[in-house]
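J.: Just dropping this structure here.
Listed below in structure tokens is the structure:
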């Protein structure tokens, strides 16, 4: 069989049953393969590049890279499993899934993974070798069977699956232990199921994960890139017993799907432990008593507590006897108790780190949680930057430099000891001329530049001394030599790159020939003369083709515009962002939450919080206005830090009008008798887009002067970090048991004694979440079952559901 026939077979296999020619590829932005055979071909689109990869006959094309500005397609015979990966701008790497997968479908005829040992642990013989066994199948006799190296394969379509010749002279061949891909079936509880079933057990059609209709939800594909939330396929992103989906039936929010179990054993889950490591998901010890001394209920029993954490629903979690386990990603091992009054509790498991002879800790795939930073900047190219920002220009979270998940790399603290590669903070270890960057936690985006600006002064600012950027002022930023956002609208006259090289005219074809970005092909992109522009929306900003024959294109060094003296959601003092609870006490840095309002009686008594959203408008909870329907009964205090000690620069403004939400949502607008003066200490929070849903686990922040229950710090503005809890989870029986409505959201810590919550006096106050470079008002403190009670998180009005109403009120009044 010739190379052309091989390519045709691959094309037929990869295209069968797939509507999109790219469905059979995994793409990664900013990644490039640096080793292996490669072939440059011209292609005007990614689809054309993919087609040329499928039809390549000189070698088996396993991956390709597409460079959009160069219109260059590079075909390769390697993937990341066998070649080194580097970071590169303006390139997307496409790798065929079949060459990345380490599981098999059917009998594994098309398995192309890298397992090279038999099920008994014997190393495989290379297919091209003739010793110790003379093979019947070799790369030359069967070129279409992927007989590379000594990897397990199934060239003869054996019904028992992939096999190999062994390096043991006494055993000619043996089968390999290759698990089934979770496409037609699922292992365990279907956490890694990637099939295309999209109907529930009762036959309801699934709602697309990227849709918010008919059901709003927080499982956004962009916020959970590791959960494979594609189309409307059944998935299990939250440790349920099996895959599920939101339904297209307005009366049925979600339902389980009927996915058959795989018949082969699941992939190994890693080493088990007899002590506590991480969250204890691999604990297999025999502790069967909770922290308070209750005996554990057997997992297979339904008395005294009924539950679905059964051995049948969680077959890979070793739910034997009544031993403490963590089958559902809780904070630590736990169990249901035999006490009918105590449904469940955590267990006391000795830590592995304190156990004699304990093994080294396994690397956590999740980087340390870092708080977002608003006001940091860097000098030069940022090699000296040592701040704590860990967010990219598109709002993605940075991967830890010491982690190899999801991206393997060589930029480690050991290899670059002087680069300050701490935690997952933005850095510039390789001296990139565009500034600090990081690997991202999104598997499909290898790296991005960080959401930082250049410092304008001579001394780098600290989080508490924000830079005041000095840029040319103009009434039309598009005509200024500064950019807003990624500079797609920039129409200034800068015409040199960051290195000082002159730009090539967009309509010129020398020294570089191109046809995508010209004034004729992109008439709205402002491609005049040789001015720097951003016609493709590059996140790194404006660029141009260069007059250097050896450098196709480069970016331009254009500063960011200050769009306003005070942007919404951007405090001039960097917040502390502590994770302690308000009830337990965490005093804020003065004026770090400048939208915080104290709502008071006309006699000056504080009773509720509020949020400034425009100079003359405050949002609060409707229940805060129950004491009186007259606006004259209220006033607001802005710019305060201490509740009772009001400095001279604190603003006190009467309330002119009250606007409770008409459908009886617990939210209201207050129109002030005069606009607030916007200063360093008084700045509005930003509003979210209408119907925007905050993803579950998003860290957000609550502030207020509410009740502290004698824990100290009373009378001083306090803060706490609280993660958002998806309503589907919050409404479980053990939490708020169905009480939370779609117009509300939950936030707080679950299954831990370190509870975090707002309390009396915090009502009406803000819950703000950091998005890219600003704080956005996502919640208004509404209600809760007590204050900081175990597994009873706070409930907040979901502001995005009322944004349209709020904008109408402010526009018409």
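In this note's numbering, the protein residues as written are 409 to 1221.
Using N, Cα and C, we set each Cβ at its ideal position, and we do this for glycine too.
Just the Cα atoms here: how many angstroms apart are residue 752 and residue 744?
T.: 4 Å
J.: From which residue to which residue does the beta strand (DSSP E) around residue 447 run?
T.: 446-450
J.: State the Cα-Cα distance for the pair residue 800 and residue 492, rounded to the nearest angstrom.
T.: 24 Å
J.: In chain order, which continuous runs of the beta strand (DSSP E) of length 3 or greater are located wholly inside the segment 1084-1135?
T.: 1107-1112, 1126-1133
J.: Tell me which same chain residues have a C-beta within less than 6 Å of the C-beta of residue 712, skipping the five on either side of it?
T.: 748
J.: Across which residues does DSSP place residue 1067 in a beta bridge pair?
T.: 1077
J.: DSSP puts residue 1155 in a beta bridge; with which residues?
T.: Residue pairing for residue 1155: DSSP places it in a beta bridge opposite 1132, 1202.
J.: Sorted by chain position, which residues of the same chain lie with C-beta nearer than 7 Å to residue 1056's C-beta, five sequence neighbours on each side aside?
T.: none
J.: Would residue 1013 be called buried (16 or more neighbouring beta carbons within 10 Å of its own) or exposed?
T.: exposed
J.: State the DSSP-derived secondary structure class of residue 722, mapped to helix, strand or coil.
T.: coil
J.: Could you tell me if residue 455 is buried or exposed, where buried requires 16 or more neighbouring beta carbons within 10 angstroms of its beta carbon?
T.: exposed
J.: Looking at the structure shown, is residue 542 part of a helix, part of a strand, or coil, going by DSSP?
T.: coil
J.: Would the segment 978-988 count as touching the segment 958-969 if we require 3 or more Cβ pairs under 8 Å?
T.: no
J.: Just to confirm the assignment: which complete beta strand (DSSP E) runs, minimum length 3, are found wholly within the segment 467-520?
T.: The qualifying runs are 471-475, 480-484, 493-504.
J.: List, from N- to C-terminal side, the alpha helix (DSSP H) runs of 4 residues or more that fit wholly inside the segment 600-672.
T.: You should have found no qualifying run.
J.: When burial is assigned at 16 or more other CB atoms within 10 Å of the CB, is residue 699 buried or exposed?
T.: exposed
J.: Determine the closest residue to residue 1090 out of 1081, 1073, 1053, 1049, with distance taken between C-alpha atoms.
T.: It is 1049.
J.: Who are the Cβ neighbours of residue 1000 in its own chain at under 6 Å, not counting the five residues just before and after it?
T.: 979, 981, 983
J.: In whole angstroms, what separates the C-alpha of residue 610 from that of residue 685?
T.: 40 Å
J.: Under the rule that 16 or more other beta-carbon atoms within 10 Å means buried, what is residue 883, buried or exposed?
T.: Annotation note: pLDDT 40 at residue 883 (below 50); position unreliable, coordinate value reported separately. With fewer than 16 other Cβ atoms within 10 Å, it is exposed.
J.: Just how far apart, CA to CA, sit residue 551 and residue 704?
T.: 58 Å
J.: Kindly indicate the opening and closing residues of the beta strand (DSSP E) around residue 461.
T.: Counting along the chain, residue 461 falls outside any beta strand (DSSP E), though it belongs to the alpha helix (DSSP H) covering 454-462.
J.: Using 10 angstroms around the beta-carbon of residue 1145, count the other beta-carbons present and answer buried if the total reaches 16, otherwise exposed.
T.: exposed
J.: In three-state DSSP terms, what is residue 1177?
T.: strand
J.: Can you list, in chain order, the residues of its chain whose CB lies under 8 Å from that of residue 929, leaving out five sequence neighbours each side?
T.: 923
J.: Would you tell me roughly how many angstroms separate the C-alpha atoms of residue 767 and residue 537, rounded to the nearest one?
T.: Its pLDDT being 37, under 50, residue 767 is placed unreliably by the model, and the measurement read from it follows with that caveat. Using only the alpha carbons, I get a separation of about 39 Å.
J.: For chain D, check one thing: does any of its Cβ atoms lie closer than 8 Å to the Cβ of residue 1072?
T.: Chain labels in this structure do not include chain D; a single protein chain is all it has.
J.: For residue 785, list the residues DSSP reports as bridge partners.
T.: 861
J.: Is residue 1214 closer than 8 Å to residue 1027 when the C-beta atoms are compared?
T.: yes
J.: Please confirm whether any heavy atom of the ligand FAD lies closer than 7 Å to the CB of residue 627.
T.: The model on display carries no ligand, and the ligand FAD is accordingly not part of it.
J.: Can you list, in chain order, the residues of its chain whose CB lies under 8 Å from that of residue 860, leaving out five sequence neighbours each side?
T.: 784, 785, 786, 790, 793, 795, 797, 834, 843, 844
J.: Taking just the CA atoms, how far does residue 910 sit from residue 943?
T.: Approximately 18 Å between the Cα atoms of the pair.
J.: Cβ of residue 1110 within 8 Å of Cβ of residue 1170?
T.: yes
J.: Figure out for me which residue from 502, 443, 647, 1138 has the closest Cα to the Cα of residue 717.
T.: 647
J.: Excluding the 5 residues flanking residue 1088 on each side, which residues of the same chain have their C-beta closer than 6 Å to its C-beta?
T.: 980
J.: Does DSSP put residue 1210 in a helix, in a strand, or in coil?
T.: helix
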